[in-house]
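The sequence shown begins at 12 in the numbering used here and counts up by one.
Presented below is the structure to which this report refers.
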Amino acid sequence: MVSGPDRITRMERSFGSGKINPPSRPNSYWDDPYRRPYFDNSTTRNVTAPLGKTAYLHCRIRQIGDRTVSWVRQKDLHILTVGRYTYTSDQRFTSLHLDDSDDWTLKIQYTQKKDGGIYECQVSSEPKISLPIRLNIVVAKATIPEGPSMYVQSGSTINLTCIISDSSAPPVYVFWYHNGRMINYDSVRGVQVKTETGPTTVSRLKIENVKTTDSGDYSCTPSYADPANITVHVINGEKPAAMHHGVTSVGVGVCVQPILVLMLVQFVQRCVADVIGR
12 MVSGPDRITR MERSFGSGKI NPPSRPNSYW DDPYRRPYFD NSTTRNVTAP
62 LGKTAYLHCR IRQIGDRTVS WVRQKDLHIL TVGRYTYTSD QRFTSLHLDD
112 SDDWTLKIQY TQKKDGGIYE CQVSSEPKIS LPIRLNIVVA KATIPEGPSM
162 YVQSGSTINL TCIISDSSAP PVYVFWYHNG RMINYDSVRG VQVKTETGPT
212 TVSRLKIENV KTTDSGDYSC TPSYADPANI TVHVINGEKP AAMHHGVTSV
262 GVGVCVQPIL VLMLVQFVQR CVADVIGR
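Following this line, the structure appears as structure tokens:
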């Protein structure tokens, strides 16, 4: 018995590119109580796949006879496949099966966030039986620790770091954008990008001799992950006063007002006392 990736490859080759119509109504021979189909207990009920990769949902059925197997997406009750026939217009979904196996596999290519949820493997027996299988889509996380904003002097260097974690595999690429424009290979501006892949991938962006035109929104966008963003302000001369005295000036202002009020009250009290003394 062939198993693992080789078995999936055999199923894909057996399926080919053509569509096969679902079989006709099951023969009454298979309605015998002792020949009714049932699900194999070894079937995995919880499947996890990285965003953008291929997911395989396996459904193992014993004594299936000439019954039909269907895959249904539970959240909208959309029938995806019946037998080896694909009913959805979304060509990312395919049904895989070998004639000599009990395994009916739903293949989902280029997984998206919306693909997460429960899928039902249904068998056209009387009564109908179904097995729910949950698909979890893992989305890697990207962060820029220097964010959410940065101030740099004109003529200095921008250094940004993007950390990609919670990823089952290193990203295929990490692109940096400035105001929506990809700048990884913009050597004319002095852009340098170095990416170190591994369990935690780190990508570093360096731009030397920056100008005020280098201000704006920067984003790190890895494959199969949500982007991380930071706003960079390139300034001439001194940093904005708020950066130096933002908290202090507010604190002083709040404290000075009560002191002035107290001094005024004391002055009024002395004046009243002088008047009474006369």
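All C-beta atoms in this analysis are idealised placements derived from N, C-alpha and C, irrespective of residue type, glycine included.
### Task
Please name the residue in Tyr188, Asn170, Lys86, Lys118 whose C-alpha comes closest to that of Ile129.
Counted from its first residue, the sequence shown places residue 129 at position 118. That would be Lys86, whose Cα lies nearest to the Cα of Ile129.
#### Entry: Integer Cβ distance of Gly72 from Val134, believed to fall under 8 angstroms
Counted from its first residue, the sequence shown places residue 72 at position 61. Counted from its first residue, the sequence shown places residue 134 at position 123. Sequence check: residue 72 is Ile here, not Gly. Sure, about 6 angstroms apart at Cβ, within 8 angstroms.
### Query
Quick one: what does DSSP say Ser198 is sitting in, helix, strand or coil?
Position 187 of the sequence shown, counted from the start, is the residue given in the question as residue 198. Looking at Ser198 - three-state DSSP - the assignment turns out to be helix.
### Query
Apart from the five residues just before and just after Gly209, which ones in its own chain have a Cβ nearer than 8 angstroms to its Cβ?
Counted from its first residue, the sequence shown places residue 209 at position 198. Here the set comprises Pro181.
### Task
Compute the distance between the beta-carbons of Ile148 and Lys124, then report whether it is under 8 angstroms.
To locate residue 148, count along the sequence shown from 1; it is residue 137. To locate residue 124, count along the sequence shown from 1; it is residue 113. Going by C-beta atoms, Ile148 is nearer than 8 angstroms to Lys124.
### Pairwise C-alpha distance: Leu142 and Ile241
Locating residue 241 in the sequence shown gives position 230, counting from the first residue. Locating residue 142 in the sequence shown gives position 131, counting from the first residue. Each residue's Cα considered, the two are about 45 angstroms apart.
### Task
Go through its chain and collect everything with a Cβ distance to Glu219's Cβ below 6 angstroms, but skip five positions before and after it.
Translated into positions along the sequence shown, residue 219 becomes position 208. So the list reads Thr168, Gly201, once near-sequence residues are dropped.
### Query
Can the beta-carbon of Ile155 be found less than 8 angstroms from the beta-carbon of Leu171?
Along the sequence shown, read from residue 1 onward, the residue named residue 155 stands at position 144. Along the sequence shown, read from residue 1 onward, the residue named residue 171 stands at position 160. Yes, the Cβ-Cβ distance between Ile155 and Leu171 is below 8 angstroms.
### Query
If you draw a straight line from the alpha carbon of Tyr235 to that of Glu207, how long is it in whole angstroms?
Stepping through the sequence shown from its first residue, residue 235 is reached at position 224. Stepping through the sequence shown from its first residue, residue 207 is reached at position 196. One C-alpha to the other measures close to 17 angstroms.
### Query
Quick one: what's got a C-beta closer than 6 angstroms to Ser230's C-beta in the same chain, skipping five residues either side?
One-based indexing of the sequence shown puts residue 230 at position 219. Answer for Ser230: Tyr188, Pro238, Asn240, listed in chain order.
#### Entry: Whether Val245 touches Asp228 by CB criterion (8 angstroms)
Against the sequence shown, residue 245 aligns to sequence position 234. Against the sequence shown, residue 228 aligns to sequence position 217. For Val245 and Asp228, no; Cβs fall outside 8 angstroms.
### Runs of beta strand (DSSP E) lying entirely within the stretch 208 to 251, each at least 3 residues, in chain order
212 to 218, 227 to 233, 239 to 246
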